[in-house]
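Sequential numbering from 0 applies to the sequence shown in numbering that gives the first Met the number 0.
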Amino acid sequence: MIKKLNIPCVWGGHLAGILLKNQSAASPTKPIMKIIGVHGWLDNLNSLLPIAERLAQHDANYEIYLYDRAGHGFSSHLHKGSDYSYAYNLRDLRTVTRTLGWNKENFSLLGHSYGAHLAMAYAAAYPEEVSCLVALDAIIGVERSSKTFWKNAAARIDKNIEYHVKVPKSYQNELTYEKAIELVRSSRIGIDDASAKLLVERSVRRDTHDKLHFTRDESLRNTHLIPFSEHMAEEAIKAIQAPVLFIGTVKPQWPMPKNSIELLKKHNPNFEMTLVDGSHHFHMTHVDSIFEQINRYFNKYAQ
């Protein structure tokens, strides 16, 4: 059973989301395992839908909430000039947990790419709430060394201002579903047709003139004004109390954060790491094998 559940935010917009439950009766001897899924940059909640559906179909004790992060999918955009930063995204995730009422009990987090970064940041900020965490092809890491931190921050701020003062681009070519699918595939290495179509379902909409357009906020392409420093990443990993499962790919699209992995091995006694074949979106193209690993880990630690 999939139920639409949109959540209002303090900044005036809303997060579009869905709640997944199995209609079969849950086992009275097992606790309900509540999971919040956080998708990656320029994706939407459909990125995690195949895995969430497999989990919910497999076990009636799973209850899963997925949402489009601000500026993505069918969720509202932040006001012009706002920064889609860790702070904004963490506040939105906190709003989700409070609205669901799950902050009063333990729940688990499932994050892909930048969504895994956010999930780990939340688990560091609210360690007593998160019982288990699965990070797909990303671990919270260093964006800039402390030595160049403020120099990089200044460059980001100037670049951001330049972006917002220039005249927005106007696209003359009319968008079609076929073109949207082609663009999604070309920008995501190794993704298959079915996965691209699934992402496009929440990536485009028709306007009042019946013209198709991408729903995402183009300003998402700006980097965060304030980068993540070495010290911030290290302290976040030390603060996480939840068991962490990292599933990565044997051929990562970006360099693997080796320092963060070593810190997790040192400070997280139940940390597990496994590498699989596939591209960055392996959780969409290799659903069965990834489901098996996630389900095993949740059953081992989420309860």
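All C-beta atoms, glycine included, are put in the ideal place defined by N, C-alpha and C. Bear in mind that the values here come from a model prediction, so they are computed numbers and not experimental data.
Cβ pair residue i, residue j closer than 9 Å
{"i": "D288", "j": "V275", "result": "Residue identity differs from the one stated: residue 288 is Ser in this sequence, not Asp. Taking 9 Å as the Cβ cut-off, S288 and V275 qualify as a contacting pair."}
{"i": "G70", "j": "D216", "result": "yes"}
{"i": "I50", "j": "H279", "result": "no"}
{"i": "A241", "j": "S107", "result": "yes"}
{"i": "G11", "j": "R68", "result": "no"}
For residue j and residue i, believed in contact at Cβ under 8 Å, the rounded distance
{"i": "T96", "j": "I35", "result": "7 Å"}
{"i": "L109", "j": "V133", "result": "5 Å"}
{"i": "H212", "j": "L174", "result": "6 Å"}
{"i": "Y296", "j": "L219", "result": "Rounded, the Cβ-Cβ distance is 30 Å, inconsistent with contact."}
{"i": "I85", "j": "A137", "result": "According to the sequence shown, residue 85 is Tyr rather than Ile. Wrong, their Cβ atoms sit about 13 Å apart, outside the cutoff."}
{"i": "A238", "j": "P126", "result": "6 Å"}
{"i": "S194", "j": "T284", "result": "6 Å"}
{"i": "I139", "j": "A235", "result": "6 Å"}
{"i": "R53", "j": "V249", "result": "The Cβ separation is near 22 Å, so there is no contact."}
Residue of the options minimising C-alpha distance to residue i
{"i": "E128", "options": "R93, R155 and I293", "result": "R93"}
{"i": "L89", "options": "H282, C8 and F297", "result": "C8"}
{"i": "P256", "options": "S112, Y87 and A15", "result": "S112"}
{"i": "N105", "options": "P30, K2 and S26", "result": "P30"}
{"i": "D209", "options": "A193, K196, Y176 and G189", "result": "Y176"}
{"i": "W101", "options": "S130, S81 and T147", "result": "S130"}
{"i": "H266", "options": "Y300, T273, I188 and A123", "result": "A123"}
{"i": "I1", "options": "H13, W10, I293 and A55", "result": "A55"}
{"i": "G247", "options": "K158, D42, V183 and G277", "result": "G277"}
Minimum Cβ-Cβ distance from residue i to chain B less than 9 Å
{"i": "V243", "result": "In summary, chain B is missing from the structure at hand, where a single protein chain is found."}
- Item | Sufficient close CB pairs (3 or more, under 8 Å) joining the segment 225-243 to the segment 188-202 | no
- Message: Any contact between the segment 231-242 and the segment 64-75? By contact I mean 3 or more CB pairs, one from each, below 8 Å.
- Response: Cβ pair count under 8 Å is below three, so no.
- Validate contact between the segment 23-41 and the segment 55-67 using beta carbons, cut 8 Å, 3 pairs: yes
- With a cut-off of 8 Å, do at least 3 Cβ pairs link the segment 15-32 to the segment 48-63? At 8 Å Cβ cutoff, the stretches touch.
- alpha helix (DSSP H) segments (min. 4 residues) lying fully within the segment 181-243: Correct list: 192-200 and 229-238.
- Message: So within the segment 45-130, which uninterrupted beta strand (DSSP E) runs reach at least 3 residues, ignoring any that extend past its ends?
- Response: 61-66 and 106-111
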